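Here is the structure we will look at, set down as structure tokens.
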Amino acid sequence: MKLDNLNSKQKEAVTKIGGPILVFAGAGSGKTRVLTHKIAYLIDNIGLPPENILAVTFTNKAAQEMKTRIVELVNHDISGISIGTFHSISAQLLRKNISKIGYNSDFTIYDQQDSKSVVKQVIKDFNLDVKQFDPKTYQIKISNAKNSMKNPDYFKDLSENYSDKMFYQIYLKYQEILKKNNSVDFDDLLTLPLTIFENHPECLKFYQDKYKYVLVDEYQDTNKPQFEFIYSISSLHKDIFVVGDDDQSIYGWRGADISNILNFKDAFGKATIIKLEQNYRSTKTILDAAWHVVSRNLNRADKKLWTDNSEGELIDIVESFDERFESKQVFGKILKYKNELDNVAVLYRTNSQSRIIEDELRKGGIAYQIIGGVKFYDRKEIKDVLAFIKLIVNHNDSVSLERIINFPPRGLGKTTIDKIRSIANDNSSSIFEEIKNIESLNLSIKQKKSLNDFYNLIKNSANRLTRDKGSVIVRNLIKEINLENFYHKQDTVDANERWKNIEELVLGIEEYESSKDDFSLVGFLEEVSLLTDIDRWNKDEKALTMMTIHSSKGLEFDYVFIVGLEEGLFPIIRDFDDNDLEEERRLFYVALTRSRKKVVLSYAKSRRSFGRNLTISKQSRFLNEIPDRLINNKINNKSTISSNDYKDKRVHVIDKGNVVEHKVFGRGVIINVDGVGDSAKLTIRFANNVLKKLISKYANLKKI
DNA sequence: GGCGTTTTCATTTGT
DNA sequence: TGAAAACGCC
């Protein structure tokens, strides 16, 4: 394999073999290139079989891309290699080994919402008030406990007050129910393999022997269980290679431990440390700005990025009266790049900021894709169908059962379900099992019949699992429950949309079957449970991309807009701790360094949170951390609102669906908009179904 | 008791 | 703005 397209540091990182290696890979320093070349080097030059390599990436997409690139570099079949996220690698390990600890290999993976409903049920079962014991809060507490590897026992005797005492009970019961449901939550995916390793040394030994070389990407964002996982596997042979950048550690709130990277040597012993400090991505201006920001942090390893790239353009700052005007201004600036939209990104701190920008882009006819927010697999209709599938695969999954036992409505309401649930609890059996014994239940004939039909529906589908393709079973199921008709008879735009999504889901199953050559629904479920929005993102689509800064990690764009730079929003408000502020600052650093050519920063002097109350905001302190000389138009640090700010409050007239008034034709509805701004061609339907095509700027329309 | 409708309430980030 | 709880009608 050729190494001549690597710089000397990169080459060192690739060819150094033996013992722990830590690579500090700054933003845009060719980290992915190093990782792929390293793996190719191990296979081609060292002769290590691919099945002896474990590489952990941050997203499934990154894993896929890495595989593709390695195939291009080596002349081997690498299908045996293990590349994936921590969660997907662990899920596969659990499929093989989870029976050792009393689960069965068809376990269901619960997402946060599922976990929350289990917690809620537990709280209710303890007869506690859900107002006082907020399920969401307790779900987060449990998650944090697992991320710091504390099992329920840890909390048994530390109960100071009533709420803490109950936390122990809730956590304990929660874990019991998960096991009874043959389900694991996201955190279990990371911790259960460790439990298996601990109780079954032969299993740990197997993986220690199998994975002779371990590589970890985005090492700065590993948390405690993830660290333990790779440590268990590699602490004997110590052939571990981790790549990370402490300046880009942005998942502290999820238990990521920045000390994993800062104290790498302490854990693994004598380690080789290599710093990649040449940046190939950004202009000097951008790097300079990013450096001035991040170097304010105290808790960081010493290093500084440099580049041979040009100075490039200065950074723009956009000031707006409110979030609506901000969106308009950002939209105006985006127009300049409308022929290279796939190179534009709009980044923000919170998903809720996307909507208003989306509105402007839609009105202006700019193609966009949004990452995050309501994920495809999080939509209600999709989750409903998935719940059917989960229940078919795993009858113990009571969360899924409760979701769909009365969907579409079949006359089984809250009271009936409560009855069956309490019997199931008493007999410590699953709800599904109890449905079989309905004869003994105190229920009406109608409900008994309904329950019986439901039972048979699931059971019959399950019986087909070994014979039929998953997609066939699901298609059949959808027909049996008459789902198309359920949505069709509602006859709303929304319902039609939902039905379309369900059709897309089935196509997704078929696509999975043909691409993975796997017809099991278990495999499909696992894939979608662990899929992120980034994984579905198509970077080649001719559209700009909007996403949170967290999602943008690892990506790059020519033109980057960072919006909502206000105190309280970015950095976001919480009970401020220096560590939190440093993490917010790293987040800003990540945002800046996504850009190759040009950065535009924007903030609004007032903002409506939800509903309507407008609150005055102050520009983010981060703006002042960038030296003036790098900024095109420094705006003074005041938060007063002048009357000028109201001048662009003209209502947007051209929008599909708006009712407008025309001097001659009277009132009409805009039914189509072709083009952007004043020159847009509008199709308007006036009284008596008269259709007119008008140019916006000549039409002189008034919005009603 | 079920089911559709209205009200309330909460909004960081994500596997 | 949406989802979940509360409400009120069949």
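In our numbering, the protein residues as written are 1 to 704. Just so you know, even glycine gets a beta-carbon here, dropped at the ideal spot from N, CA and C. What you are looking at is a predicted structure, and each value in this text was computed from that prediction instead of being measured.
6 Å CB neighbourhood of residue i in its chain, flanking five on each side removed
i	result
tyrosine 207	Ile233
lysine 31	Ala25, Val243
isoleucine 562	Leu347, Ala591, Leu601
aspartate 188	none
histidine 76	Ile43
glutamate 313	Lys598
valine 23	Ala13, Val243, Ile274
serine 8	none
glutamine 353	Gly564
Spatial neighbours of residue i in its chain, beta-carbon cut-off 7 Å, leaving aside the 5 residues before and after
i	result
tyrosine 168	Pro152, Phe155, Lys156, Ser159
glutamate 12	Ile274
serine 643	With a pLDDT of only 33 at serine 643, under 50, the local geometry of the prediction cannot be trusted, and no value is derived from it.
isoleucine 417	Glu402, Ile405
serine 606	Phe321, Asp322, Leu614, Thr615, Ile616, Ser617, Ile641
lysine 265	Ala271
proline 135	Lys116, Val119, Lys120, Ile123
Residue(s) in a DSSP beta bridge with residue i
i	result
glutamate 313	Note: glutamate 313 sits in no beta bridge, so no partner.
tryptophan 306	Gln278
serine 450	Note: serine 450 sits in no beta bridge, so no partner.
phenylalanine 24	Gly244, Lys275
lysine 336	In DSSP, lysine 336 forms no bridge with anything.
glycine 568	Ile572
glutamine 619	Glu566
aspartate 185	Tyr110
methionine 547	Leu347
glutamine 369	Thr545
Close beta carbons around residue i, own chain, < 8 Å, minus the five adjacent residues each side
i	result
glutamate 583	Ser249, Ile250, Gly252, Trp253
glutamine 369	Trp537, Asn538, Glu541, Ala543, Leu544, Thr545, Met546
tyrosine 211	Asn52, Ile53, Leu54, Ser82, Ile233, Ser234
glutamate 228	Met149, Leu194
aspartate 384	Arg403, Ile404, Phe407
From the options, residue whose alpha carbon lies closest to that of residue i
i	options	result
asparagine 396	Ile81, Ile371, Ala462, Ile170	Ala462
glycine 47	Val74, Met66, Ile21, Thr57	Val74
lysine 131	Asn104, Tyr103, Gly19, Ser163	Ser163
asparagine 442	Ile420, Asp453, Ile616	Ile420
leucine 6	Leu94, Ser29, Gly18	Ser29
leucine 505	Thr36, Lys336, Lys375	Lys375
tyrosine 213	Tyr603, Asn476, Asp266, Ile17	Ile17
leucine 555	Gly269, Ala62, Ile573	Ala62
isoleucine 458	Ser444, Ile431, Ser440, Lys446	Ile431
tryptophan 291	Ser514, Lys270, Tyr110, Asp247	Asp247
aspartate 558	Ala27, Asn485, Val344	Val344
proline 409	Ile392, Gly666, Ser450, Leu262	Ser450
asparagine 351	Ile371, Lys338, Lys336, Ala367	Ile371
alanine 604	Gly564, Ile573, Arg621	Gly564
serine 551	Arg33, Thr59, Gly19	Thr59
phenylalanine 705	Ile109, Tyr171, Ala145, Asp517	Here the chain covers residues 1 to 704 and nothing more, so residue 705 does not appear.
aspartate 257	Phe241, Val385, Asn299, Ser696	Asn299
lysine 469	Lys500, Glu510, Phe570, Lys479	Glu510
isoleucine 549	Arg594, Lys479, Gly523, Ser520	Arg594
isoleucine 78	Thr85, Arg69, Phe86	Arg69
Local Cβ density within 10 Å of residue i, reported as buried at 16 or more and exposed below that
i	result
proline 193	buried
leucine 236	exposed
methionine 1	exposed
aspartate 533	buried
asparagine 700	exposed
histidine 488	exposed
asparagine 496	exposed
asparagine 147	buried
aspartate 706	Look at the range of the chain in this structure, 1 to 704, and you will see that residue 706 is not part of it.
valine 664	exposed
aspartate 239	buried
valine 56	buried
leucine 530	buried
threonine 36	buried
Touching by the beta-carbon criterion (3+ pairs, under 8 Å), the region 207 to 226 and the region 266 to 280: no
Contact between the region 133 to 142 and the region 243 to 259 (3+ Cβ pairs under 8 Å): no
Taking 8 Å as the threshold, find out whether the region 120 to 128 comes into contact with the region 86 to 104 through three or more Cβ pairs. no
Closer than 8 Å is the cut-off here; do at least three beta carbon pairs connect the region 278 to 285 with the region 302 to 318? yes
Answer yes if the region 325 to 343 comes into contact with the region 352 to 366, meaning at least three C-beta pairs across the two stretches below 8 Å, and no otherwise. yes
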